[in-house]
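The numbers in full-length UniProt numbering rise by one with no breaks, and the one at position 179 of the sequence shown is 180. Below is one structure, written out as C-alpha cells; the observations come after it.
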Amino acid sequence: KKELLKVTDLKQHFPIKGGLLGRTVNHVKAVDGVNFTVYEGETVSIVGESGCGKSTTGRAILRLEEPTSGQVEFDGINLLTLSKNEMRKKRKDLQIIFQDPYASINPRQTVRQVLEEAMEIQNIAPKSERTERILELMETVGLGSHQIDRFPHEFSGGQRQRIGIARALSVDPKLIICDEAVSALDVSIQAQVINLLKRLQKEFKLTYLFISHDLGVVRHISDRIIVMYLGKIVEIADKKSLFTNPKHPYTRALLSAIPVPDPDNKSERIILEGDVPSPINPPTGCRFHTRCPFATDKCKQEEPVLRTTDEMSDEHQAACHYIEEFTS
Ligand code: SF4
Ligand code: MG
2 KKELLKVTDL KQHFPIKGGL LGRTVNHVKA VDGVNFTVYE GETVSIVGES GCGKSTTGRA
62 ILRLEEPTSG QVEFDGINLL TLSKNEMRKK RKDLQIIFQD PYASINPRQT VRQVLEEAME
122 IQNIAPKSER TERILELMET VGLGSHQIDR FPHEFSGGQR QRIGIARALS VDPKLIICDE
182 AVSALDVSIQ AQVINLLKRL QKEFKLTYLF ISHDLGVVRH ISDRIIVMYL GKIVEIADKK
242 SLFTNPKHPY TRALLSAIPV PDPDNKSERI ILEGDVPSPI NPPTGCRFHT RCPFATDKCK
302 QEEPVLRTTD EMSDEHQAAC HYIEEFTS
C-alpha cells in the first residue's frame with residue numbers, strides 16, 4: 002500500500018478578535034491536532050456533526066485556508082511548504098467537490114466553458130483537443146455530450162453535481178476531496194452519484210477523502226472511516242469494524258442515529274443529548290465528556306489518546322479511557 006496523503010498534527014485555529022484594539026482574544030480550535038494517512042486507491046471518510054472540523058480539515062489540506070500548523074504530505078511532498086504558485090499547480094492532483102456545485106460553478110458559464118477553464122488553468126491538453134475531451138468527460142459522468150452548451154441552471158441538482166465531478170476529473174487528479182458532495186441530493190440521486198464515484202475510482206485510479214455528516218451515506222463508499230468530534234479524531238477504523246464493533250461512545254451515538262438499525266451492530270443504543278460544546282473553550286479531559294453517558298471524573302481530567310486493544314482489528318483505534326469495557 003502506498004501512502005498518498007499523510008496528515009500530521011494538523012491544526013486550524015481561527016483567531017477571534019475583540020476589544021477596542023481588535024486584538025486576538027481567543028481562538029476557535031476548529032481542527033486541533035489531527036493525524037491520518039490515506040493510501041492510494043482507497044476511500045477514507047471523515048464523519049461527524051457540523052462544527053467537528055471535518056470540512057475545515059479538507060480545506061486545510063488544500064490550503065483553501067492556510068492551516069495554523071502541522072504537515073500535509075502528498076505524494077512525499079509537504080504541501081504546506083509550497084509557494085502559493087507551486088500549490089496552485091499542485092491542485093491539478095488534488096481536487097475538491099462541494100455540497101453545492103452551484104456555489105462553485107459560475108452560473109454564467111456553460112458546461113463547455115466551466116471545463117475549458119479548469120483545463121486552461123492547469124494547462125491540460127492542447128486547446129484544439131479540449132472540446133473532444135469535454136465531450137468524453139460528459140459521457141463519462143453520464144451527462145450526455147449534447148448538453149455541452151447548456152448553463153448550470155438548466156440541470157437538476159444531481160446533474161449539476163455531475164458537472165462538478167467532470168470538472169474535477171478534467172485535470173486528471175489523483176485525490177478528490179468530496180465535501181458533503183451528495184448531502185443536498187435526494188436519497189435515490191445520492192445512490193446514483195455514489196455509484197458513479199465508485200465507478201470513476203476504478204476507471205481513473207482515484208483516491209477519495211469523503212467528508213460527510215452522515216454515516217449512512219459513507220458506509221456505501223468507504224474503505225476506512227474517521228470519526229471527528231470537536232476538532233479531534235475520536236475513532237478510526239476499517240468500515241466493517243466501525244459498523245460492527247464501534248468503540249467510542251460518540252461513534253455509537255452516531256450509529257444509533259442511522260434510521261434503519263444495523264442488525265450487525267449489537268452494541269447498546271446511545272442517544273446523543275445536548276449540543277456540541279464551543280470549540281473556543283473545549284471541555285477539559287475528554288472533549289466528549291459533557292455528552293457522554295459513561296463519563297467519570299477521570300474523563301473530565303485526562304485526555305484519552307487514540308489507541309487499540311487486542312480485541313480490535315489492526316486498523317482500528319479509538320480515543321476513550323474505557324474501550325476495553327465496550328465489547329460488541
Ligand atoms: Fe466517554 Fe470518558 Fe470515553 Fe470520553 S473517555 S468517551 S467521556 S467514557
Ligand atoms: Mg461542513
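The beta-carbon is built from N, C-alpha and C at its ideal position, and this holds for glycine as well.
Contact shell at 5 Å, judged by CB to any heavy atom of the ligand SF4, ordered along the chain: 250, 287, 289, 290, 293, 295, 296, 300, 305, 321, 322, 323
Residue 31 beta carbon less than 7 Å from that of residue 54: yes
Contacting residues, own chain, Cβ-Cβ under 7 Å from residue 262 (five flanking each side not counted): For residue 262, the pLDDT reaches just 49, beneath the cut-off of 50, and the residue's location in the model is therefore unreliable, leaving the point undetermined.
Within the segment 50–131, ranges of the beta strand (DSSP E) (whole runs, at least 3 residues): 70–75, 95–98
8 Å Cβ shell around residue 105 - same chain, five flanking residues per side excluded: 99, 165
Cβ pair residue 211, residue 82 closer than 7 Å: no
Residues near residue 222 by beta carbon distance below 8 Å, same chain, minus five either side: 44, 46, 195, 198, 199, 209, 211
Range of the contiguous alpha helix (DSSP H) that encloses residue 204: 188–205
Beta-carbon separation (whole angstroms), residue 232 vs residue 283, contact threshold 8 Å: 7 Å
Close-in-space but distant-in-sequence residues of the same chain around residue 88 (CB under 7 Å, 5 per side omitted): 64, 80
Where residue 292 falls, given that 16 or more other Cβ within 10 Å makes a residue buried: buried
Cβ neighbour criterion (16 or more within 10 Å) applied to residue 246: buried
Counted within 10 angstroms of its Cβ, other Cβ atoms place residue 302 as buried (16 or more) or exposed: exposed
Residues that residue 16 bridges to, as DSSP identifies them: 28
Straight-line Cα distance separating residue 225 from residue 75: 18 Å
Touching by the beta-carbon criterion (3+ pairs, under 8 Å), the segment 247–258 and the segment 313–322: yes
Nearest residue (CA-CA) to residue 62, options 109, 146, 92, 51: 92
Endpoints, the alpha helix (DSSP H) within which residue 257 is located: 250–257
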